[in-house]
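In the working numbering, the protein residues as written are 1 to 86.
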């Protein structure tokens, strides 16, 4: 059975494939790196680009989404992230 593809929106309009990410790292400059299977970047983004959302909240949300997806739980986007899809 094929797994459902899950995409997370960024403020720049890009969509990050949660299925391809294999973890999360905070870089020294504060950006977030989502590495893939071979450790190459799936996405690199600045949490401060999410207007009106505290950077710590962005990081916690991405961490929770990755954990939920990895554990086979439903991935539920917060309203501030859903609004980027509109």
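Virtual Cβ for every residue (Gly too), placed ideally from N, Cα, C.
For residue i, tell me which candidate among the options has the shortest Cα-Cα distance.
i	options	result
residue 43	13, 68, 52	13
residue 10	32, 36, 71, 70	32
residue 45	52, 39, 35	35
residue 8	71, 62, 72	62
residue 27	47, 15, 38	47
residue 39	29, 25, 52	25
residue 53	73, 29, 79	79
residue 41	20, 73, 64	20
Anyone know if the C-beta pair for residue i and residue j falls short of 7 Å?
i	j	result
residue 6	residue 75	yes
residue 50	residue 59	no
Report back the beta-carbon spacing between residue i and residue j to the nearest angstrom; my notes put them in contact at under 8 Å.
i	j	result
residue 66	residue 18	7 Å
residue 55	residue 37	Not really, about 27 Å apart at Cβ, beyond 8 Å.
So, with DSSP's three-state summary, where would you put residue i?
i	result
residue 63	helix
residue 40	coil
residue 15	strand
residue 58	helix
residue 9	strand
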